[in-house]
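Undergrad: First residue of the sequence shown? That's 174 in my numbering, and the numbers climb one at a time after it. The C-beta atom is built at its ideal place from N, Cα and C for all residues, glycine as well.
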Amino acid sequence: MERVTGIHAVREALEAGRALDSMLIVSGRRGDRIEELVQLARRRGVPVRFEDRAQVDRAAGSREHQGVVAFAAAKPTVGLEDLLKAAKSSPPALLVLLDGIEDPHNLGAIIRTSLAAGAQGVIVTERRSAGLTDAVGRASAGALAHLPVARVPNLARAMEEVKEAGCWLVGFDERAEKSLADLDLTGPVGIVLGGEGKGLHELVRSRCDFLASIPTTGPVRSLNVSVAAGIALFEVVRQRRSK
Numbered sequence: 174m175e176r177v178t179g180i181h182a183v184r185e186a187l188e189a190g191r192a193l194d195s196m197l198i199v200s201g202r203r204g205d206r207i208e209e210l211v212q213l214a215r216r217r218g219v220p221v222r223f224e225d226r227a228q229v230d231r232a233a234g235s236r237e238h239q240g241v242v243a244f245a246a247a248k249p250t251v252g253l254e255d256l257l258k259a260a261k262s263s264p265p266a267l268l269v270l271l272d273g274i275e276d277p278h279n280l281g282a283i284i285r286t287s288l289a290a291g292a293q294g295v296i297v298t299e300r301r302s303a304g305l306t307d308a309v310g311r312a313s314a315g316a317l318a319h320l321p322v323a324r325v326p327n328l329a330r331a332m333e334e335v336k337e338a339g340c341w342l343v344g345f346d347e348r349a350e351k352s353l354a355d356l357d358l359t360g361p362v363g364i365v366l367g368g369e370g371k372g373l374h375e376l377v378r379s380r381c382d383f384l385a386s387i388p389t390t391g392p393v394r395s396l397n398v399s400v401a402a403g404i405a406l407f408e409v410v411r412q413r414r415s416k
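#1: Going by beta carbon distance, what residues of the same chain come within less than 7 Å of arginine 191, once the five residues before and after it are set aside?
#2: DSSP puts leucine 193 in a beta bridge; with which residues?
#3: Could you check whether the Cβ of glycine 201 sits closer than 7 Å to any heavy atom belonging to the ligand NAP?
#4: So, helix, strand or coil for glycine 225, using DSSP?
#5: With DSSP as the reference, identify every bridge partner of alanine 329, one or two as the case may be.
#6: So, arginine 176 versus glycine 234, is the Cβ gap smaller than 8 Å?
#7: Which same chain residues end up closer than 8 Å to arginine 215 when comparing Cβ atoms and leaving out the 5 residues on each side of it in sequence?
#8: Check whether the region 256-267 and the region 286-297 touch, using three or more Cβ-Cβ pairs below 8 Å as the test.
#9: Can you tell me the Cβ-Cβ gap for proline 321 and tryptophan 341, rounded? I've got them flagged as a contact below 8 Å.
#10: Exposed or buried, what is phenylalanine 407 when buried is set at 16 or more other beta-carbons lying within 10 Å of its beta-carbon?
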């Protein structure tokens, strides 16, 4: 079973129709958000129990739970083929491909931003990548419940399939001569981002159709990967809206 902790993440899981086995709430917790959550859980047929804080802390595995923890089957990933079909059914496609994002907070933040920007899905590697854990779900503020994620054994090979499906692949590298704004991102596109501190692996880099940088000023040469993802995704949104 997988833990889902925090008011927002649990509510998003319920609203997305995710099957929850049970929910624990700290006894004495009150407020409109808690009451709404309890009513929503009961409408979905999810058993709700009120326990003391120590019991909920143990169940959640930490004290960072806002007084709520639920248990669910592990979030299923989707196959790459299914993800590409879904992307093609709502053009222009926007996909996010992640090369070794190991920090769950970064992965969760990228998933949240991807959903907000209208991406159809995220592609991650099976190895050298954070799993789809409760920490990722919390960092995504519940977006993980709504956005398809495909895990692939080989990102470079998956990139070829994405290109065959009609997407241009744009990799982000601080050494790239072209800046993000120099590219036409209005068509089907996949945004390719490298892991913390390492960037894109050379093979992944070579499979990109274009490489782009995000201009910075002052001594800072690189950005946190989740920040870079947000800038890239909303540049796509900006270009498409102004087309």
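TA: This is what the structure holds:
#1: Ala245 and Ala318
#2: Ala245
#3: Within the structure as shown, the ligand NAP is missing, as the structure has no ligands at all.
#4: The displayed chain sequence assigns aspartate, not glycine, to residue 225. Three-state DSSP puts aspartate 225 in coil, outside helix and strand.
#5: According to DSSP, which records beta bridges pairwise, alanine 329 is partnered with nothing at all.
#6: yes
#7: Val221
#8: yes
#9: 20 Å between Cβ atoms; not a contact.
#10: exposed
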